[in-house]
Amino acid sequence: MTARTPERIQRRRTKGWSLETEAERLGCTVRDIVYVGRGTPWGNPFLTGVGSVPAPGPLTPALRARLVEHYRTWLLKEPGHETLWAGPDADRCRETALEALGRLRGKHLSCYCPLDGPCHADVLLDLANRPDTGDR
């Protein structure tokens, strides 16, 4: 487990960036950092154009915020979630993400989203690190 409060890390493809350096900066090991982007159980399907809210054009900060809110609404089955993405695939993806949520508790989360804007990893940090009330 990490010694610090879990935070979001921006993964980069730039020369010189490494997960090991980020882990050292955070005072943890790379095992304390989990990638939650595309290809993982926690990836935001709305950023890939899945569902009824495809992402047209560039991801502006406003569009990114909207899609992150869609992710929260869909993941938590909040009112209106069924209009965002419904059906067996949506249910299976949601169940997989929620079942795997415990693996994120106490971990730093990484994604390629810029740190100065919203990201679905912020939703996951909040959910994974809530006090256990037994109602998750």
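Those letters in the sequence shown? Residues 1 to 136, by full-length UniProt numbering. Backbone N, C-alpha and C fix where the C-beta goes; we use that ideal spot for every residue, glycine too. If you're wondering where the values come from, they're calculated on a predicted model, not measured in any experiment.
Rounded distance between the beta-carbons of residue j and residue i, thought under 8 Å
| i | j | result |
| --- | --- | --- |
| Arg8 | Cys119 | 6 Å |
| Arg11 | Ser110 | 5 Å |
Residue interval of the alpha helix (DSSP H) (run including residue i)
| i | result |
| --- | --- |
| Leu127 | His120 to Ala128 |
| Val103 | According to the sequence shown, residue 103 is Arg rather than Val. Arg103 -> no alpha helix (DSSP H), and no H or E assigned at all. |
| Asp25 | Reading the sequence as shown, one finds Arg at residue 25 and not Asp. Looking at the DSSP string, the run of the alpha helix (DSSP H) that includes Arg25 is Leu19 to Leu26. |
| Thr83 | His81 to Leu84 |
Cβ neighbour criterion (16 or more within 10 Å) applied to residue i
| i | result |
| --- | --- |
| Lys107 | buried |
| Tyr112 | exposed |
| Leu76 | exposed |
| Arg136 | Since pLDDT at Arg136 reaches only 46, below the 50 mark, its modelled position is unreliable, and no value is offered. |
Endpoints, beta strand (DSSP E) assigned at residue i
| i | result |
| --- | --- |
| Val68 | Looking at the DSSP string, Val68 is not in any beta strand (DSSP E); the run it does join, the alpha helix (DSSP H), is Pro61 to Leu75. |
| Leu109 | His108 to Cys111 |
Residues near residue i in its chain [Cβ-Cβ closer than 6 Å; skip 5 each side]
| i | result |
| --- | --- |
| residue 138 | Missing from the structure shown is residue 138; the chain here goes from 1 to 136 and no further. |
Other residues of its chain near residue i: CB distance less than 7 Å, five sequence neighbours each side excluded
| i | result |
| --- | --- |
| Tyr71 | Asn44, Phe46, His120 and Val123 |
Cβ-based neighbour list, residue i, same chain, cut-off 8 Å, excluding 5 preceding and 5 following
| i | result |
| --- | --- |
| residue 143 | Since the first and last residues shown for the chain are 1 and 136, residue 143 lies out of range. |
Residues bridged to residue i (per DSSP)
| i | result |
| --- | --- |
| Val34 | Leu109 |
| Arg8 | Leu109 |
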